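A.B. asks: Just passing along the structure, written as structure tokens.
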Amino acid sequence: MCTVTRVSDGDSLRALCPGLGGVTRIRLRGIDAPELRQRYGQQARQAVLALCQKQAIRIPARPARDRYQRVLADVHCGGVDVSLRLVQSGLAWVYRPTAAEYPRLVQAERRAQRARLGLWGDAHPVAPWTWRRQHANR
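In structure tokens form, the structure reads like this:
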């Protein structure tokens, strides 16, 4: 078991994980939330904070890691699938390279788009991967 100690942004957090050697950086699998300086970035972070701050979460004993050595995990806080909640609320995109692994997220994203929830209410929402590319040298 791990305990969430910090929410960095809408798709990253830190947790105290004794079984993994202490404080561990965790990336929510299946989604890409807006960057903090991007529109809806702060709202996404606040949503994760409200769900997860100081909550216990389970992380596999041998978790997958991304290229930044963050643990990749399906995080549930208080019984809530955090990635799914963010997508349902229009506060995150489904992460395109792994979308086929997450049909529930894809369906939730389509529903949020149709309902124009969160970022889908904007005329031209900018995906975080596009925003990062546009702001790489700033």
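Going by full-length UniProt numbering, the sequence shown opens with residue 1, and the numbers climb by one from there.
Positions of the beta carbon are idealized from the N, C-alpha and C atoms, including for glycine.
Note that the structure is a prediction, hence the values are computed from the model and not measured.
(1) Between the alpha carbons of A64 and N137, how many angstroms are there, rounded?
(2) Specify the secondary structure class of A47 as computed by DSSP and reduced to three states.
(3) Per DSSP, what kind of secondary structure is V126 in: helix, strand or coil?
(4) Kindly indicate which three-state DSSP category R37 falls into: helix, strand or coil?
(5) Using only the alpha-carbon positions, how far apart do W129 and G21 sit?
(6) Under 8 Å Cβ to Cβ from A127, same chain only, skipping five residues before and after it: list those, please.
C.D. replies: This is what the structure gives:
(1) Between A64 and N137, the C-alpha separation is close to 30 Å.
(2) Residue state, collapsed to three classes: helix.
(3) Secondary structure at V126: coil, using DSSP grouped into helix, strand and coil.
(4) Note: R37 maps to coil in three-state DSSP.
(5) The C-alpha of W129 lies about 31 Å from the C-alpha of G21.
(6) So the qualifying residues of the chain are D32, W93.
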